[in-house]
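*Asks:* For the sequence shown, the numbering used here gives the first residue as 342, with consecutive numbering after it. Even glycine gets a Cβ: it sits at the ideal position worked out from N, Cα and C.
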Amino acid sequence: MHLKIKLHRPISGFAVSNAKAGEKVSVQTKLAITSQNPKFEHYARQIYDLIISKTEINSSNISKYLVLIHNDSNAEIYINDFEVTVKLTVKNDKEKGDALDTDDILKINEVSFPGIDILDTDTIIYFERINLQFLLFFDASAQQQGHHDNSYKETIASLVEQLHMRTLASAVQEKLNKSSKGNTLIITEGKTDIDHLKAAQDNLGIHDLNLEFIEANYDDGDESIFQLCRALAAVEQAQTFIFIFDSDNPSILKKLEIRTEVGKQYQIWGNNVYSLVIPLPDHRTDYDKISIEHYYTDEDLMTTDENGKRLHFHNELRKEILPDNTTKYRTIKPFVSLDKNKKVYSESAELVIDDEGNSVCISKARFAENVKNKIHPFDNLDFKQFQKIFDVIREIL
Numbered sequence: 342m343h344l345k346i347k348l349h350r351p352i353s354g355f356a357v358s359n360a361k362a363g364e365k366v367s368v369q370t371k372l373a374i375t376s377q378n379p380k381f382e383h384y385a386r387q388i389y390d391l392i393i394s395k396t397e398i399n400s401s402n403i404s405k406y407l408v409l410i411h412n413d414s415n416a417e418i419y420i421n422d423f424e425v426t427v428k429l430t431v432k433n434d435k436e437k438g439d440a441l442d443t444d445d446i447l448k449i450n451e452v453s454f455p456g457i458d459i460l461d462t463d464t465i466i467y468f469e470r471i472n473l474q475f476l477l478f479f480d481a482s483a484q485q486q487g488h489h490d491n492s493y494k495e496t497i498a499s500l501v502e503q504l505h506m507r508t509l510a511s512a513v514q515e516k517l518n519k520s521s522k523g524n525t526l527i528i529t530e531g532k533t534d535i536d537h538l539k540a541a542q543d544n545l546g547i548h549d550l551n552l553e554f555i556e557a558n559y560d561d562g563d564e565s566i567f568q569l570c571r572a573l574a575a576v577e578q579a580q581t582f583i584f585i586f587d588s589d590n591p592s593i594l595k596k597l598e599i600r601t602e603v604g605k606q607y608q609i610w611g612n613n614v615y616s617l618v619i620p621l622p623d624h625r626t627d628y629d630k631i632s633i634e635h636y637y638t639d640e641d642l643m644t645t646d647e648n649g650k651r652l653h654f655h656n657e658l659r660k661e662i663l664p665d666n667t668t669k670y671r672t673i674k675p676f677v678s679l680d681k682n683k684k685v686y687s688e689s690a691e692l693v694i695d696d697e698g699n700s701v702c703i704s705k706a707r708f709a710e711n712v713k714n715k716i717h718p719f720d721n722l723d724f725k726q727f728q729k730i731f732d733v734i735r736e737i738l
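1) Could you give the uninterrupted runs of the beta strand (DSSP E) lying entirely in the segment 602-666, keeping only those of 3 residues or more?
2) Using only the alpha-carbon positions, how far apart do Leu722 and Leu642 sit?
3) Out of Tyr686, Ser689 and Asn656, point me to the one whose CA is closest to Phe676's CA.
4) Is it buried or exposed for Asn590, if we count other Cβ within 10 angstroms and need 16 for buried?
5) For a test of the three-state rule: what should DSSP assign to Asp534, helix, strand or coil?
6) Sort Ser588, Asn613, Gln608 and Arg659 by Cα distance to His635 and report the nearest one.
7) In its own chain, which residues sit with a C-beta less than 8 Å from the C-beta of Ile403, not counting the 5 before and 5 after it?
8) Have a look at the DSSP bridge pairing and note the partners of Tyr406.
9) Quick one: what's got a C-beta closer than 6 Å to Phe475's C-beta in the same chain, skipping five residues either side?
10) Could you tell me the alpha carbon to alpha carbon distance between Ala575 and Gly611, rounded to whole angstroms?
11) Reducing DSSP to helix, strand and coil, say where Asn721 ends up.
12) Could you name each continuous alpha helix (DSSP H) segment of 4 residues or more that falls completely within the segment 564-601, going from the start of the chain to the end?
13) Using DSSP's beta-bridge definition, name the partner residues of Arg707.
14) Skipping 5 residues on each side, what residues in its chain have a beta carbon closer than 7 Å to that of Thr396?
15) Given this structure, state the Cα-to-Cα distance separating Lys371 from Ile466, to the nearest angstrom.
16) Out of Leu692, Ile566, Asp536 and Thr525, state which residue places its alpha-carbon closest to the alpha-carbon of Asp549.
17) Counting Cβ pairs, one atom from each stretch, are 3 or more of them under 8 Å apart for the segment 605-619 and the segment 720-735?
18) Can you give me the start and stop residues for the alpha helix (DSSP H) that Glu553 sits inside?
19) Grab the span of the alpha helix (DSSP H) containing Ile716 for me, first residue to last.
20) Please determine if the segment 380-387 and the segment 476-496 are in contact, where contact requires at least 3 C-beta pairs separated by less than 8 Å.
21) Short of 6 Å in beta carbon distance, which residues of its chain neighbour Tyr406, apart from the five on each side in sequence? Order them along the chain.
22) Quick check: is any heavy atom of the ligand HEM less than 7 Å from the C-beta of Asn613?
23) Could you tell me the alpha carbon to alpha carbon distance between Leu348 and Leu460, rounded to whole angstroms?
24) My assumption, with CB atoms under 8 Å, is that Asp646 sits in contact with Ile703. Please give the rounded CB distance.
25) Using only CA atoms, which one of Asn711, Leu597, Lys729 and Tyr670 lies nearest to Ser700?
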C-alpha cells in the first residue's frame, strides 16, 4: 500500500528533556532502537498517532512501514507490500535463486528499498516486525543539516541483525530451559563439532564433568556465536556457558586474544560466560589454522566407508568447470607445499569426483555421524588429542 498525506508540520525529532514554554530543549533527531528498549513503545506510539493512524489501518495488521516526509510536509507512506532488499554475508555458498533462511545468515550489511526514491532531504521513518520483535528507525537530521548522511541503510541493517541475534539467543534460551540444572553448557560453531566432542568424551571416559552440549539445527558460524557469547555475557547467568571456537578465523582470534588474560588458555566474559579457542594438537603444532577435525590424524581422517568414500582436503582437489557448465572438484595428488594450511573440504560431497567421474567423497556431516554412531571402521579412531580441549574446560571449571 502506498499513500500520500499532508502533515500539519514535519516531525523535527523527540524532546530529550522536559521544557516549559519559552525554554530551550535538546532534540533527538536520529533514533535507532528495538523493542528491547524500554522507550520503544513510547516512540512507536507517537509516530503511529501522528502519522500512521491517518491511514486508518489497525496497528496489528502492520508488519512494516516506511514513511518519507518531504520538505513541504507531504508524507509518503508505504505499508506491508513494498520491496525490501537486504545485502547479506552468508555462511555457505549460494547460487542465484537459492532460498535463504535465518540459519544461512552470517552478517546483515545493508537494507534498501528498490523502486522507492528517497531524497537526501527527506525525513525517514522505518518500522518492522520480525517474529515477535520490532525495530524502529527515525532520521530527521536533514531538517537541521539540509540533508541526511545516507547511513540509514547500514543503521537499519544493524537493527535487523540485532533482532536476528536475539532470535539465536532465544533458541539457546529454549535449550537452556530444557537443560539439567547445574550442568555446564557447551556451545560450538556447528553441530559436527558437538558430535566429535561427545564421541571424544565417551571414548576418553570423561564422566566427572557435567557437560551439556547445546545442539542447534544450523551451523552457527564463528561470527554468530561470538555475538551470542557477548549477548549472553551481558545478562547474569545461573549456569556456566563455555563457547568453543575453531582456530581458523584470524578476525575472531584477534578479538578473543584481546580478552585473554596472561597465563590463561580461555577468555572470561563475565556472568558465568567463558570461551576458548581449541589448542593445537601435538601433531599439528606447525599448522596455521585448525578446525575440530584436525584433532584426528590424517590417517583417521582418510578412513573410507563401505562405499570406498572418504573426507578430502582442499590441497588434493582441483576445481573444474565441466562442458555442461557444472562445477566439480577432481581428486589430484596432494600439494605438499599446502599441507600445513590444508582444510577439510566442506562443500557438497557430490561435487568431488575421481578421474573416472565417480563420486568419492563423504561430507563433514556424514563423517561426524559415522564417528558418533561408531559405524565401522569409524569406531576405531584415535581421540587422545581431544584431551587438550577437556583440560581447558576443566581449568575453567
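*Replies:* Judging by the given coordinates:
1) Taking only runs of at least 3 residues, the beta strand (DSSP E) segments lying wholly in the segment 602-666 are 607-611, 614-618 and 658-662.
2) For the purposes of this step, residue 722 is taken as the residue at position 381 of the sequence shown. For the purposes of this step, residue 642 is taken as the residue at position 301 of the sequence shown. For Leu722 and Leu642, the distance between alpha carbons rounds to 9 Å.
3) For the purposes of this step, residue 676 is taken as the residue at position 335 of the sequence shown. Looking at the Cα atoms, Asn656 is the closest of the given residues.
4) If you number the sequence shown from 1, residue 590 lands on position 249. By the 10 Å Cβ count, Asn590 comes out buried.
5) Against the sequence shown, residue 534 aligns to sequence position 193. Here Asp534 sits in helix by DSSP.
6) Within the sequence shown, numbered from 1, the residue matching residue 635 stands at position 294. Of the listed residues, the one whose Cα sits closest to His635 is Ser588.
7) As a working note, residue 403 is residue 62 in the sequence shown. For Ile403, where only same-chain residues beyond five positions count, the Cβ hits under 8 Å are Ile393, Ile420, Asn421, Phe468 and Arg470.
8) If you number the sequence shown from 1, residue 406 lands on position 65. In DSSP, Tyr406 forms a bridge with Ile420 and Phe468.
9) Along the sequence shown, one-based indexing puts residue 475 at 134. These residues qualify, in order along the chain: Ser376.
10) Residue mapping note: residue 575 aligns to position 234 of the sequence shown, counting from 1. Residue mapping note: residue 611 aligns to position 270 of the sequence shown, counting from 1. Answer to the nearest angstrom: the Cα atoms are 8 Å apart.
11) Numbered from 1 along the sequence shown, position 380 holds the residue referred to as residue 721. In this structure, Asn721 counts as helix in the three-state DSSP scheme.
12) 591-599
13) Position 366 of the sequence shown, counting from 1, holds the residue named residue 707. Beta-bridge pairing links Arg707 to no other residue.
14) Sequence index remark: in the sequence shown, residue 396 carries index 55 (1-based). So the qualifying residues of the chain are Leu344, Ile418 and Ile420.
15) Working through the sequence shown from its first residue, we reach residue 371 at position 30. Working through the sequence shown from its first residue, we reach residue 466 at position 125. For Lys371 and Ile466, the distance between alpha carbons rounds to 10 Å.
16) The residue you call residue 549 lines up with position 208 of the sequence shown. Checked all of Leu692, Ile566, Asp536 and Thr525; the closest Cα to Asp549 is Thr525.
17) The segment 605-619 is in contact with the segment 720-735.
18) Translated into the one-based positions of the sequence shown, residue 553 becomes position 212. Per DSSP, Glu553 belongs to no alpha helix (DSSP H); it is in the beta strand (DSSP E), Leu552 to Phe554.
19) Mapped onto the sequence shown, residue 716 falls at position 375. Per DSSP, Ile716 lies in no alpha helix (DSSP H) segment and is marked neither H nor E.
20) yes
21) Translated into the one-based positions of the sequence shown, residue 406 becomes position 65. Counting only Cβ-Cβ distances below 6 Å, and skipping sequence neighbours, we find Ile420 and Phe468.
22) This structure does not include the ligand HEM; it has no bound ligands of any sort.
23) Mapped onto the sequence shown, residue 348 falls at position 7. Mapped onto the sequence shown, residue 460 falls at position 119. Distance between the alpha carbons of Leu348 and Leu460: 18 Å.
24) By one-based count along the sequence shown, residue 646 stands at place 305. By one-based count along the sequence shown, residue 703 stands at place 362. Confirmed, Cβ separation roughly 6 Å.
25) Along the sequence shown, one-based indexing puts residue 700 at 359. Nearest to Ser700 by alpha-carbon distance, out of Asn711, Leu597, Lys729 and Tyr670, is Tyr670.
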